[in-house]
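Line by line, the protein sequences give chains A and B. Okay, so the first sequence: first residue is -12 according to our numbering, each after it adds one. Okay, so the second sequence: first residue is 16 according to our numbering, each after it adds one. Backbone N, C-alpha and C define an ideal beta-carbon position, used for all residues, glycine too.
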Amino acid sequence: MLDLFYDDTHRALRDSAAAWVDRHIAPHAAAWEEAGWFPEDLHRAAGDAGLLGVTCPEALGGAGGDVFHGLIVAEALIGGGSVGVAMGLGSHAIALPPILALGSAEQQARFVPPVLSGDKVAALAITEPAAGSDVAGIRTRAVRDGDSYVINGAKTFITSGLRADLVTVAVRTGGDPDDPKRRHEGISLVVVEKGTPGFHTGRALAKMGWWASDTAELFFEDCRVPADNLLGGEGMGFVGIMANFVGERLLLAASAVATARLALDDTLAFVGQRRAFGRPLHGFQVTRHRLAEMAGREAAARAFVSTVAERARRGEDVAADVAMAKNIAAEACAYVCDAAVQLHGGMGYMRECRVERLFRDQRLYAIGGGTTEIMNEVIWRRGLEPIV
Amino acid sequence: MKIGVLLKQVPASDARIKIADPSTGIDTADIKWEINPYDEYALEAALQLKDAKQASSVVVLTVGGADADQRIRDALARGADAAVRLDDPAFEGSDCLGIARILAAAAKAEGVELLLAGKQAIDGDNAQVPGMVAELLGWGNISVVDKLEFADGTVKAWRASGGGARDVVEASLPLVITCDKGLNEPRYASLKGIMMAKRKKIAVKGAADLGLDPSTVGAAAALVVEDNWSLPPERPAGRILEGDDATRVKELVRLLRDEAKVI
Ligand SMILES: Cc1cc2nc3c(=O)[nH]c(=O)nc-3n(C[C@H](O)[C@H](O)[C@H](O)COP(=O)(O)OP(=O)(O)OC[C@H]3O[C@@H](n4cnc5c(N)ncnc54)[C@H](O)[C@@H]3O)c2cc1C
Chain A
-12 MLDLFYDDTH RALRDSAAAW VDRHIAPHAA AWEEAGWFPE DLHRAAGDAG LLGVTCPEAL
48 GGAGGDVFHG LIVAEALIGG GSVGVAMGLG SHAIALPPIL ALGSAEQQAR FVPPVLSGDK
108 VAALAITEPA AGSDVAGIRT RAVRDGDSYV INGAKTFITS GLRADLVTVA VRTGGDPDDP
168 KRRHEGISLV VVEKGTPGFH TGRALAKMGW WASDTAELFF EDCRVPADNL LGGEGMGFVG
228 IMANFVGERL LLAASAVATA RLALDDTLAF VGQRRAFGRP LHGFQVTRHR LAEMAGREAA
288 ARAFVSTVAE RARRGEDVAA DVAMAKNIAA EACAYVCDAA VQLHGGMGYM RECRVERLFR
348 DQRLYAIGGG TTEIMNEVIW RRGLEPIV
Chain B
16 MKIGVLLKQV PASDARIKIA DPSTGIDTAD IKWEINPYDE YALEAALQLK DAKQASSVVV
76 LTVGGADADQ RIRDALARGA DAAVRLDDPA FEGSDCLGIA RILAAAAKAE GVELLLAGKQ
136 AIDGDNAQVP GMVAELLGWG NISVVDKLEF ADGTVKAWRA SGGGARDVVE ASLPLVITCD
196 KGLNEPRYAS LKGIMMAKRK KIAVKGAADL GLDPSTVGAA AALVVEDNWS LPPERPAGRI
256 LEGDDATRVK ELVRLLRDEA KVI
């Protein structure tokens, strides 16, 4: 993000996180992307380096950092050159906030520290085959039975779903997805641990980008979890889900900006080496102007995302702004990655070329964590409707 | 046991070096600095001994100006307990022996029993200072160590001695040990460490604080004067040998013998 909002701790973290990523991710990024997986022990290594959950409370194993510390780590991880690895390592950043917002002290002490140390992997499961943007449409049910909840249903597109040791799952403990009056009622969050009878994962879903991160279907068949794993009370789910909105959207926006930067840097290096018609590519004015446009869009997105992050840090209500930030950053990233492929010519279409991958990876920024259309809904409802 | 780590900042290994005008050194204007990579192994070794409760504390010793503070802070954030930056107009222009005198005095003042340092700094590549410090202190010195064991005040150190052979050296404290790549994998500063380092102070000490005679250090005392720096000649372009394997191998051997004179 913009150095303007940094103090010495941010700058030091930026340098040490980048150095860690240079050693532990960058040399392997291409191979892990091709393999569609990254080694199990990377979570542990990241935990040892203190890179997981820097914004979480110190008492739970975090570093008590502010929003910029979190975004700095997200940017540094993207700098490793594999968006998939960054997102796979980052799934805790959406799985934990609901636990921090709703969980009891006992639940937090049980679930959070092993995730921040990298001993366990956490995922968040809201999306279902028949309900994504429309969260109130979820059908996975949890029925209370004595000291347990019995869960039935399915989730899909879950980041880190295969490797997750604990999953924060959105379930229905009441209400009715088919009744317009009652569909927002009874949404709850419950933590399901790997190995719980009746909890299965499906295959790793094949996808356009983010190859190194596993994206999976989860199935719950009479899956019995202790009632102690319910976060907050029944019907508190939306409160937990909303705990993610600002953080997740900022993380995705910062990741999009960092992805754009990577694509721009790769392209700047390429246009100096590649020659056509007797000169390097940047010998053409049209190429230089395209690069200027790419740089401008990346800079504008970076500035806007940073400003919203700063306002969030000051405790302002940034619901609408953060939705704008995600859209603006996703769009800037899409433009830059498309132009990057174009300026690389045929090489930009080759799997051995990093911008080919970034072009595929960036597509999700406009979809994941709430689509562009849903962000626009938020901008209307939270930012515009109140003033018309 | 208190450990001292000799830490120097050097231009980043990928920095583009320019010669200053007049040519008494490099132009430091646009240089990005980093901790000398071999010193990172020394620091890590010290921190591991502290983690294993074999050392009570780790103090970083650096000769340099305030521009080195960022590297010192990095070391504190990784886990060093304290730092002393040795800075005095009288230190200006010191050669390796002058620097060694300053560091030896500081080591004595800090009461350390073990000094760890990089095997050399990647800027000057002199590899002289730690040995001189040991000599000035009258301590033993084991250099270029890539494996280290420590028990009850006795050190066992491994080093390559050429041709694949290994030395194993046993020694007792006090000691100066210089560290090579492979000794360990240096940690990076975590945010927790960075926050903690904010509460640690970097002490700045000069000749008077160390009880050091200023006439023994600095430019006036220097035995080595550097006054005509130049960049190494540009590496000539590579050559690709043509023909079938037999021809090319023959040609390669001829070139290595007659032109490169390495065989
Ligand atoms: C790689 C990947 C990783 C993911 N990781 C996770 C995860 O870890 N956890 C998790 O829970 N989910 C995850 N998701 C799911 C993701 O959050 C959803 O895909 C996303 O929210 C969109 O939901 P959907 O796919 O059901 O699309 P739909 O909601 O069906 O949307 C389809 C289209 O309709 C539009 N649309 C929907 N509603 C409206 C409206 N009201 N007005 C106008 N247009 C509308 C959408 O914008 C979109 O263009 C992941 C998805 C992917 C692809």
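query, result
"Any chain B beta carbon closer than 9 Å to A:Glu45", "yes"
"Neighbourhood of A:Ala326 by C-beta, 6 Å cutoff - its chain only, sequence neighbours within 5 removed", "Arg277, Met281"
"CB contact check: B:Ala234 to chain A, cutoff 9 Å", "no"
"Residues sharing a beta bridge with A:His187, DSSP", "A:Phe206"
"Residue from B:Lys171, B:Asp195, B:Leu118 whose Cα sits closest to the Cα of B:Leu188", "B:Lys171"
"Chain A contact residues for B:Ser109, given Cβ-Cβ distances below 9 Å", "Going along chain A, no residue has its Cβ under 9 Å from B:Ser109, so there is no contact; the nearest lies around 29 Å."
"Complete runs of the beta strand (DSSP E) confined to the stretch 26 to 112 of chain B [at least 3 residues]", "48 to 50, 72 to 78, 97 to 101"
"Residue range of the unbroken alpha helix (DSSP H) whose run includes A:Val54", "54 to 66"
"Close Cβ partners of B:Leu152 (< 6 Å) along its chain, the five nearest in sequence each way excluded", "Ala119"
"A:Arg150 to A:Ser3 span [Cα, whole Å]", "27 Å"
"Contact set for A:Ala321: own chain, Cβ-Cβ below 8 Å, skip 5 residues either direction", "Gln349, Arg350, Tyr352, Ala353"
"Heavy atom of ligand 1 within 8 Å of A:Ala112 beta-carbon", "yes"
"Segment contact flag, the stretch 182 to 202 of chain B with the stretch 52 to 63 of chain B, C-beta cutoff 8 Å, min 3 pairs", "yes"
"Assigned secondary structure, A:Tyr336 (DSSP; H/G/I helix, E/B strand, else coil)", "helix"
"Where A:Leu89 falls, given that 16 or more other Cβ within 10 Å makes a residue buried", "buried"
"Ligand 1 heavy atom lying under 8 Å from the CB of B:Ser71", "no"
"Closer than 9 Å to chain A by CB, B:Tyr203", "yes"
"Pair within 9 Å by beta-carbon distance, A:Phe207 and A:Gly185", "yes"
"Proximity test, Cβ basis, 9 Å: A:Ser104 and chain B", "no"
"A:Asp304 versus A:Cys324, A:Val328, A:Val365, A:Phe264, residue with shortest Cα-Cα distance", "A:Val365"
"A:Phe232 beta carbon near ligand 1 (any heavy atom closer than 8 Å)", "no"
"Sufficient close CB pairs (3 or more, under 8 Å) joining the stretch 187 to 201 of chain A to the stretch 113 to 133 of chain A", "no"
"C-beta neighbour in chain A for B:Gln85, strict 9 Å", "yes"
"DSSP three-state assignment for A:Arg128, whether helix, strand or coil", "strand"
"Test: B:Gly146 CB closer than 9 Å to a CB of chain A", "no"
"Proximity test, A:Trp197 beta-carbon vs ligand 1 heavy atom, cut-off 8 Å", "yes"
"The alpha helix (DSSP H) enclosing A:Ala319, as first and last residue numbers", "306 to 331"
"Cβ-based contacts, 8 Å cut-off: residues of the stretch -2 to 13 of chain A near chain B", "Ala(-1), Leu0, Asp2, Ser3, Ala4, Ala6, Trp7"
"Meets three-Cβ-pair contact criterion under 8 Å: the stretch 66 to 78 of chain B and the stretch 42 to 51 of chain B", "no"
"Distance between B:Asp103 and B:Leu22 (C-alpha atoms, nearest Å)", "17 Å"
"Outcome for A:Gln260 when other beta-carbon atoms lying within 10 angstroms are tallied against a minimum of 16", "exposed"
"B:Gly94 at chain A interface by Cβ criterion, 9 Å", "no"
"Residue nearest to A:Asp215 in terms of C-alpha spacing, selected from A:Gly224, A:Ala241, A:Val177", "A:Val177"
"Selection from B:Leu131, B:Arg100, B:Arg31 that minimises the alpha carbon distance to B:Val20", "B:Leu131"
"Contact the stretch 228 to 240 of chain B vs the stretch 176 to 190 of chain B: 3+ CB pairs below 8 Å", "no"
"Amino acids of chain A, ordered along the chain, whose beta-carbon sits closer than 7 Å to that of B:Asp195", "Here the premise fails: no neighbours, minimum Cβ distance about 18 Å."
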